[in-house]
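Each residue of the sequence shown is one higher than the one before, counting from 1 in this note's numbering.
For each residue, glycine too, the CB sits at the ideal point set by N, CA and C.
Given the structure is predicted, the values throughout are model-derived calculations rather than measurements.
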Amino acid sequence: MTAGDKKAGRIFYIAAAFAIVSALAAPAVAKQYPPRRAELFDPPALVALFGVERVLTRAPLDNTDFAVTDIAPTAALLDVEPRAKPASPDPLDLAWSLQPAENRNLALALDAWAADATVAPERRRLRAALAAAYAARDFAPFWIENGEWRDSALAALVRIARAADDGLDLRAFAAPNAEKAAPTAADDLVLSEAVAVYALQARGARIDPASISRLIGSKTTLPDPAITVTEIAGAGENAGDALQAYNPTHYGYQQLREKLIELKAQRAVAPAADGRYAAADAVSQSDALPPTSKSKRSRAAALAATSISRVEAEIIANMERWRWLPRDLGEERVEVNIPDFELAVVRNGEVTHRTRVIVGKETTPTPIFSNALQYIIVNPYWNVPPSILNKEMLPKANGDVAAIAASGFNVSYRGGKLVVRQPPGERNALGRIKFMFPNDFSVYLHDTPSRNLFSASHRAFSHGCMRVDAPFALAEAVLGPGSGWSESRVRRLIGGSERYINLAKPLPIHIEYFTAYVDEGGRIALRPDLYGYSARVRKALGLGA
């Protein structure tokens, strides 16, 4: 046996002896340090902290031979087991229970109201928009507080009751009773709908102008129902005025409104008088009637035979067309009223220049739109429109292009298409001057060599553009005081090539169609329905053709 083997043997025997001594000493140690009982591991604070109950799960640990290998699982040492968790309430149910009763009642009523399948699709869309507005405010009523009408509700109800004063028709949207002592959630919904519809109608929602004619370029901007109701409901006792303001604020509209109220009052006092419009002094008859009329006397008789209700309908139709115009016409502007065959320049609310115009024929109507006058051209070329070239010039010349050129026109071909231009000169179809406001209809104001046509009362002779009487006086008027451009200075540009004069700033121009208005004498002026637009509007509004 080597020395190394002897050393390893001695280490083994020492380790074995140490293990025997440790085993014999263990009982004494255990008795000196007995195991702790379970209750020592179960302090009340711990039970309360973790929400558990003390439940005996096994006998106390009295084993005097306790050793490390006997350690029980934690739950056994604590003598506890988890307490069952109580059922948690649904957060939505909890939030719902915290809502005021008015909100809960409205939410319940809203479900059935918004989902009503018996109403038209357009009305359902409106209700959906209003439902979203209610949801955004946790279904709080707009018009009711503590079981009573708010001031805004009472003011709005007064205005809605007078909707007919503005030619509006809310009969299909009956508003709730302002005298009702305890308005309900359903009343709140009905009033919101009536307010939204009033605002929509006031802004022209009942008629799409393009449905009357493709030559009406007016665009209506409709209000958001949710924003409208929120605004009016928050206006307090001024809610009625705020709702009324959705109607046009133009002076011409307000004048027609006053006349409409007068006529309704007159008919209410004497219903039998509706058969004839006897108040001839209150009406300005038109001299601008078609030449097919037999005589001024017969036209006057026809006017006297017009019923009050028919005059009312005509006023309402014209009030509707006011809704098609921009809310702001401009303090300085040009207005052309087609049925009146007249142009007016307005500055600071006053007419500073007025002149006669020739407008489009019944078969080639002048378009209706708003734009801005930007510049003037003296000595203009006339680019013959393809419609005139193909329908009039070529047939008249028997298709002979050379004959057209011989008559003073410039003839060329562009992209294989015939292009005809008339150079500047006294025979030019546009005369000596034209007024430009670029638009989708390619129409403008211009001079004309056919000056004799201005003597006619019925001046519908053009292909759509508007010919102006005294065009150089108009040039001075639109260029404005202080521009340095007098009528005589503009005239000095006549002759030679085209000359451009830019306006200092664009001047709004509105091509309008009013067959009824209040003249300077305070009388209702009735004008011919040249293009039949007024009849179409009356029909669309349910007022008869």
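Item to complete: Spell out the partners DSSP gives residue 360 in its beta bridges.
Response: For the purposes of this step, residue 360 is taken as residue 360 along the sequence shown, with counting starting at 1. In DSSP, residue 360 forms a bridge with 462.
Worksheet item: Any Cβ of chain C within less than 8 Å of the Cβ of residue 432?
Response: The chain labelled as chain C is not found in the depicted structure, where only one protein chain is given.
Worksheet item: Touch check for the segment 455 to 467 and the segment 355 to 362: three-plus C-beta pairs under 8 Å?
Response: yes
Worksheet item: How close, in whole Å, do the beta carbons of residue 323 and residue 220 come, if the pair is a contact with beta carbons under 8 Å?
Response: For this step, residue 323 is matched to residue 323 along the sequence shown. For this step, residue 220 is matched to residue 220 along the sequence shown. Rounded, the Cβ-Cβ distance is 7 Å, consistent with contact.
Worksheet item: Can you tell me whether residue 133 is buried or exposed, with buried defined as 16 or more other CB within 10 angstroms of its CB?
Response: As a position in the sequence shown, residue 133 is number 133, starting the count at 1. Residue 133 is buried by the Cβ-count criterion.
Discussion item. Tell me the rounded alpha-carbon separation between residue 179 and residue 101.
Written reply: Stepping through the sequence shown from its first residue, residue 179 is reached at position 179. Stepping through the sequence shown from its first residue, residue 101 is reached at position 101. Near 22 Å, if we compare the C-alpha coordinates of residue 101 and residue 179.
Item to complete: Would you mind sorting residue 396 into buried or exposed? The rule is 16 or more other CB atoms within 10 Å of its CB.
Response: Counting from one through the sequence shown, the residue named residue 396 turns up at place 396. The residue is exposed, with fewer than 16 neighbouring Cβ atoms inside 10 Å.
Fill in: Neighbourhood of residue 236 by C-beta, 7 Å cutoff - its chain only, sequence neighbours within 5 removed
The residue you call residue 236 lines up with position 236 of the sequence shown. Same-chain partners within the cutoff: 151 and 152.
Practice prompt. Flag this pair as yes or no: are the beta carbons of residue 247 and residue 515 separated by less than 8 Å?
Written response: As a position in the sequence shown, residue 247 is number 247, starting the count at 1. As a position in the sequence shown, residue 515 is number 515, starting the count at 1. Contact flag unset, no.
Worksheet item: Can you tell me whether DSSP reads residue 525 as helix, strand or coil?
Response: Counted from its first residue, the sequence shown places residue 525 at position 525. The answer is strand: DSSP assigns residue 525 an E or B state.
Fill in: Where residue 532 falls: helix, strand or coil (DSSP)
Locating residue 532 in the sequence shown gives position 532, where the first residue counts as 1. Residue state, collapsed to three classes: coil.
Worksheet item: What does a CB cutoff of less than 8 Å around residue 315 pick up in its chain, not counting 5 residues either side in sequence?
Response: Along the sequence shown, one-based indexing puts residue 315 at 315. Counting only Cβ-Cβ distances below 8 Å, and skipping sequence neighbours, we find 167, 256, 259, 260, 263, 516 and 524.
Fill in: Top-ranked residue by Cα proximity to residue 138, from 114, 106, 147 and 470
Here residue 138 refers to the residue found at position 138 when the sequence shown is read from its first residue. The option with the nearest alpha carbon to residue 138 is 106.
Worksheet item: Does the pairing of the segment 393 to 409 with the segment 520 to 534 give three or more beta-carbon distances under 8 Å?
Response: no
Worksheet item: If you pair each beta-carbon of the segment 374 to 382 with each one of the segment 418 to 430, do three or more pairs fall below 8 Å?
Response: yes
Practice prompt. Starting from residue 516, trace the beta strand (DSSP E) both ways and give me its first and last residue.
Written response: On the sequence shown, residue 516 is found 516 positions in, with the first residue counted as 1. 516 to 518 is the extent of the beta strand (DSSP E) around residue 516.
Worksheet item: For residue 503, which of 164, 483 and 249 has the nearest alpha-carbon?
Response: Translated into positions along the sequence shown, residue 503 becomes position 503. Residue 503 has its Cα closest to that of 483, out of 164, 483 and 249.
Discussion item. Cutting at 7 Å between CB atoms, please list the residues of its own chain near residue 24, excluding the five before and the five after it.
Written reply: To locate residue 24, count along the sequence shown from 1; it is residue 24. Annotation note: pLDDT 41 at residue 24 (below 50); position unreliable, no value reported.
Worksheet item: For residue 324, which three-state DSSP category applies?
Response: The count along the sequence shown starts at 1 and reaches residue 324 at position 324. In the structure shown, residue 324 sits in coil (DSSP, three-state: anything other than H, G, I, E or B).
Discussion item. Closer than 8 Å is the cut-off here; do at least three beta carbon pairs connect the segment 340 to 354 with the segment 362 to 377?
Written reply: no
Discussion item. Tell me which residues share the same chain as residue 163 and place their Cβ nearer than 7 Å to its Cβ, disregarding the 5 neighbours each side in the sequence.
Written reply: Numbered from 1 along the sequence shown, position 163 holds the residue referred to as residue 163. Here the set comprises 170 and 198.
Discussion item. Please classify residue 249 as buried or exposed, where buried requires at least 16 neighbouring CB atoms within 10 angstroms.
Written reply: Looking up residue 249 in the sequence shown gives position 249. Under this definition residue 249 is an exposed residue.
Practice prompt. Identify the continuous alpha helix (DSSP H) that holds residue 134 and give its terminal residues.
Written response: Counting from one through the sequence shown, the residue named residue 134 turns up at place 134. Unbroken alpha helix (DSSP H) run through residue 134: 121 to 136.
Practice prompt. Can you give me the start and stop residues for the beta strand (DSSP E) that residue 411 sits inside?
Written response: Mapped onto the sequence shown, residue 411 falls at position 411. Note, residue 411: beta strand (DSSP E), 410 to 414.
Worksheet item: Near residue 436, what residues of its chain come up, given a Cβ to Cβ distance below 8 Å and the 5 sequence neighbours on each side ignored?
Response: Residue 436 sits at position 436 when you count from the first residue of the sequence shown. The residues are 373, 374, 375, 376, 377 and 444.
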